[in-house]
Structures are given as C-alpha cells and as structure tokens.
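As numbered in my numbering, residues 35 to 136 make up the sequence shown, in order. As structure tokens, the structure follows; a few thoughts come after it.
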Amino acid sequence: NGKTLVTPIIASIGELQNHNLHLNKTEVEQVFTRTISSLCDRKNVGSTQFKRGKLPSLKSGYTLPVYLGGEHRIWGLTAITLHMLLPILAPGLYKFKLLHKN
C-alpha cells in the first residue's frame with residue numbers, strides 16, 4: 035500500500051559479549067553484526083539488477099545493493115539504508131557506486 039514506515043537506529047554497541055540482548059521474539063529472529071570496514075570492503079559489496087518494475091517510473095528496471103562476506107547476505111531495505119548511510123559513517127572508505135545498466 036506504499037505506507038511502509040522504517041526508522042533506522044544508528045548506535046555504537048561496542049563488543050557484544052554473550053549476546054545479553056533482550057529481544058522481542060515476535061519481531062526478531064536472529065541478531066548478527068558486521069563491522070563498518072567489512073561493509074565498505076569492495077569485495078563484499080555487489081548489486082542485483084531487476085529488469086522491470088510494475089510502476090511506469092520503473093519500466094527500465096532498478097538496481098539494489100547487496101552486502102556479502104558475512105554470515106548472512108544483507109539485501110533489500112536494510113542494504114538500501116546501509117548504502118545511503120555508509121558514505122556518512124565512513125567517508126572516504128565506502129566507495130561503491132550503484133550503477134544501473136539498461
């Protein structure tokens with residue numbers, strides 16, 4: 035319906051020891067972490083190109099980032115958020131450019 039609301043929370047959590055987090059099990063299945071340097075490493079960053087979207091503005095398709103190199107692949111809205119935040123969090127370190135080929 036186009037009314038999805040996402041509120042990213044940025045925090046420095048330090049080292050997680052024994053995972054003493056109190057999780058809401060109805061919302062969180064698993065917790066994992068990645069370092070900023072691993073997310074900025076060019077060999078861990080790629081993209082997925084989708085050929086066509088349903089909306090007229092997406093008829094040439096679209097390209098989304100994907101982050102590999104860890105326990106889990108990071109994709110979708112989480113990857114989009116990271117792609118927008120990493121140049122701010124790690125200026126000069128994150129150099130990945132998202133390109134779309136027609």
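Glycine included, each C-beta is placed from N, C-alpha and C at the ideal position.
Check	Outcome
Endpoints, beta strand (DSSP E) assigned at Gly80	Val79 to Phe84
CA-to-CA distance, Thr38 to Ile122, given in whole angstroms	24 Å
Where the beta strand (DSSP E) through Pro125 begins and ends	Segment: none, Pro125 is in no beta strand (DSSP E) and carries neither H nor E.
Ile114 versus Gln83 - alpha carbon distance	13 Å
In DSSP terms, what Pro99 is bridged to	Ser81
Length of the line joining the Cα atoms of Val65 and Asp75	21 Å
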